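Some notes on the structure that comes next.
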Amino acid sequence: MGKLDGRVVLITGAARGQGEQEARLFAEEGAEVVVADVLDDQGETLAKEIGARYVHLDVGQEADWHTAVAVAKSAYGRIDGLVNNAGILRFNALLDTPLDEFMQVVQVNQVGCFLGIKCVAPEIAAAGGGTIVNTASYTAMTGMAAVGTYAATKHAILGLTRVAAMELARRRIRVNAMCPGAIDTAMSNPAQLDPGGNAEDMLKALDELYGKLVPLGRIGRPEEVARLALFLTGEDSSYITGQPFVIDGGWLAGVSVL
Ligand code: NAD
């Protein structure tokens with residue numbers, strides 16, 4: 138028996154990275170998965186491979202959410218799980234950040250998460266209840282220079298998570314947030330996007346770098362975040378809602394002087 142047998146879960150930004158690993162794991166655990174992304178070719182290929190349905194969804198566009206809900210319902214009859222995973226990162230000092238750039242990050246990370254809750258929660262309630270997992274970041278719990286727009290939106294996702302958990306509990310929907318530290322995806326390891334780049338060498342360098350910063354001595358893997366998403370989507374977390382879950386190898390545990 139799979140941990141998600143009989144569940145229908147929509148995962149945003151699922152064409153690659155953490156979302157891809159969540160889609161793979163959820164399908165292995167018996168869920169019907171709706172892979173949603175703006176990377177149509179990659180998303181279609183993945184969906185075909187794991188027996189899922191792909192839908193084009195720009196999370197910042199409300200009309201796209203209505204389409205995605207319609208596609209999921211016509212394929213599987215209902216939706217009872219959502220993982221708001223899509224996100225973007227921009228590096229800039231606050232004083233150098235153009236308003237357009239700030240708003241672009243807000244539109245994807247923060248508005249996207251809000252629209253996901255707004256458009257999918259009524260469907261989950263109609264299905265008799267379920268789960269929403271929002272992807273924040275360790276920068277939702279602390280500051281980090283040069284990623285001010287990103288950190289602001291990830292802090293906002295924790296606020297949305299807590300309020301949604303309170304408002305939706307009576308509709309039998311649990312809402313939690315994941316706060317990953319550095320994870321080996323294209324976001325932290327852009328060499329993965331460069332066909333001529335050496336993502337494996339870059340991973341070794343990242344493990345070395347984070348080996349000095351993180352108690353567990355390496356960068357995290359997207360499969361590890363997928364397992365947390367599974368825990369928060371399945372029955373193993375049945376009495377948990379409204380909480381942030383840090384998955385960062387101990388990075389936020391304290392300051393090291395060694
Ligand atoms: P990634 O860049 O590999 O994946 C992000 C995915 O989101 C991509 O498939 C991308 O196409 C998709 N996406 C971007 N804009 C979108 C939009 N408007 N609509 C729909 N999809 C869109 O990086 P990842 O690490 O897999 O990121 C997943 C989530 O984890 C993000 O929310 C990110 O902020 C968060 N996160 C990542 C790290 C890290 O170190 N990798 C750390 C903390 C949090």
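Counting from 138, one number per residue, gives the positions in the sequence shown under the working numbering. Note that the Cβ used here is the ideal one computed from N, Cα and C, for glycine as well. Source: prediction; values computed, not measured.
Contact annotation: the region 326-345 does not touch the region 236-244, with fewer than three C-beta pairs closer than 8 Å.
Placement of the Cβ of residue 317 at a distance of less than 8 Å from at least one heavy atom of the ligand NAD is found. In the DSSP assignment, residue 272 forms a beta bridge with 315.
With a cutoff of 9 Å on beta-carbon distance, residue 194 and residue 175 are scored as near each other.
Secondary structure note for residue 384: its beta strand (DSSP E) is the uninterrupted segment 381-384. In the structure shown, residue 184 adopts helical secondary structure according to DSSP, grouped into three states.
Counting along the chain, no alpha helix (DSSP H) covers residue 190; the unbroken beta strand (DSSP E) around it starts and ends at 190-193. Residue 300 is not bridged by DSSP to any residue.
Among the bridge pairs identified by DSSP, residue 145 is matched with 169. DSSP places residue 218 in the uninterrupted beta strand (DSSP E) bounded by 218-221. Its Cα nearest to that of residue 278, the residue 315 stands out among 142, 315, 322.
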